[in-house]
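Structure first, then comments.
Residue numbers (the UniProt record's numbering): 1 to 510.
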């Protein structure tokens, strides 16, 4: 029951999220053997690194250094493939690129590729003219070659910063870091520590002991242990977080790399990630991420199915004739909603190797006709979340498969806005429960309705109304112009002065 409510109008006003300068994220690119690795190794092991060199963990794909009190995050092994992935997903993993060019060799094919990648990603870049200490070094020749690729460096009629250095001796490296910080200032990089965390997955793998480990690069906001995270079709609650030193942490903010544990399946490298208030929002975001599939079977050309959800499938049967019959019938089950990707079709019992083959792909299914499942394969399937089903009658197996596909059709929610309420006072908030009072400014407020606290497009909280009162009496709904008290389940932030949107949702399969 809701207790007595005291209402007042001049409550605290939310001023929006605090924006502060954030450290730059830098990617080192260039032709093979031009010194990218040597440059990174020098920066990592020199006295510009945070703390002792031994504190820097090299295997997580990114690390942080410090220069004159300012942090810089370097991507360790991004690869051009990651840039391509970023363009597909509309995300930007790096803020600044450093193109390494050997002063004794000049512009090479991978140098030109790196320049194109940086331009297409839409990020500013500068040139690190490496190996300047070699007798064959010719800085002017290299600058001329860069100009032929529409890269006009400072002193050659352009404004692209250039640093002449030797990654081997370290000469010129501090000046390179200064140029990076200057470029960062020009970009005016800002982020909000109060926002829900978001960024990019830069590495992802399955560890035999710890499960799925994803390395994230945070571009905005803060992430915390216990948060719900979504990336592509995967979502999970964060169980463990480790920083670049390998230490377990409770929270971390923007421009920092962090390893998280909690995913059942590895998220795709290059996919964006987002923190959500609860499981429901993360799950819905994962469903929305499903894109038209382009897949191939073991033979033939790639199959393109508009709007299809990929269903990875392994088929096992007792004899070749049964397997071929099952394959033929499975193709008839496919529809515009699904694309069946046959990972393997074979004879024999379902074994560990079948499960391991399917473990890296979301939503994998293993079906078996007149075969057995080893106990260890069952255990692995439970661990990896893989569905296994067997039958001795082919049409029973096919009927089960059809029903399983229907079950996977994502739900479509029809949202109907019914009202809005201005929060006058928050009386109590404990865990997932909240009691607050307010004035209905539009439409109606109903028991069992859903609501969101939004500032612009950012959702700061959401919940479900469990009780509505007027004059200490329970009511079903309250109309515009009236004040009321509300009890609700709620996740997020709410303060006096917030205006919350009230809505209802109907669920139906697409």
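No residue lacks a Cβ here, since even glycine has one placed at the ideal position from N, Cα and C.
Could you give the first and the last residue of the continuous alpha helix (DSSP H) run that contains residue i?
i	result
residue 109	109-121
residue 394	394-407
residue 354	352-358
residue 443	Where residue 443 is concerned, there is no enclosing alpha helix (DSSP H), although the beta strand (DSSP E) it sits in stretches over 433-446.
residue 183	173-187
residue 286	279-288
residue 137	Residue 137 -> no alpha helix (DSSP H), and no H or E assigned at all.
residue 44	36-45
Which residue from the options puts its Cα closest to that of residue i?
i	options	result
residue 245	237, 234, 257 and 253	257
residue 478	440, 458 and 327	440
residue 421	406, 442 and 427	442
residue 415	266, 449 and 364	449
residue 125	30, 165 and 213	30
residue 144	103, 136 and 171	103
residue 492	388, 433 and 466	433
residue 445	405, 399 and 501	501
residue 191	199, 221, 200 and 207	221
residue 388	281, 252, 152 and 364	364
residue 505	343, 451, 496 and 471	451
residue 419	399, 239, 465 and 285	465
residue 346	375, 333 and 322	322
Measuring straight from C-alpha to C-alpha, what distance separates residue i and residue j?
i	j	result
residue 557	residue 372	Because the chain in this structure spans residues 1 to 510, residue 557 falls outside the shown range and cannot be described.
residue 485	residue 22	41 Å
residue 401	residue 278	31 Å
residue 218	residue 469	43 Å
residue 498	residue 457	14 Å
residue 110	residue 75	18 Å
residue 34	residue 106	9 Å
residue 182	residue 129	18 Å
residue 280	residue 210	26 Å
residue 20	residue 273	21 Å
residue 289	residue 97	28 Å
residue 253	residue 66	16 Å
residue 378	residue 177	53 Å
residue 196	residue 276	7 Å
residue 354	residue 314	7 Å
residue 18	residue 42	36 Å
residue 133	residue 235	50 Å
residue 72	residue 489	41 Å
residue 391	residue 368	7 Å
residue 503	residue 487	16 Å
residue 327	residue 342	9 Å
Can you name the start and end residues of the beta strand (DSSP E) that residue i belongs to?
i	result
residue 467	458-470
residue 383	Taken as a continuous stretch (DSSP letters only), residue 383 belongs to no beta strand (DSSP E), being part of the alpha helix (DSSP H) at 375-384.
residue 478	477-479
residue 537	Nothing about residue 537 can be reported from this structure: the residues present for the chain run from 1 to 510 only.
residue 272	272-276
residue 493	Careful: residue 493 lies outside any beta strand (DSSP E) and carries neither H nor E.
residue 237	234-237
residue 345	338-347
Taking the beta carbon of residue i as the centre, do at least 16 other beta carbons fall within 10 Å, making it buried, or is it exposed?
i	result
residue 430	exposed
residue 425	buried
residue 481	exposed
residue 462	buried
residue 395	exposed
residue 250	exposed
residue 203	buried
residue 171	exposed
residue 166	buried
residue 494	buried
residue 157	exposed
residue 474	exposed
residue 188	exposed
residue 362	buried
residue 238	buried
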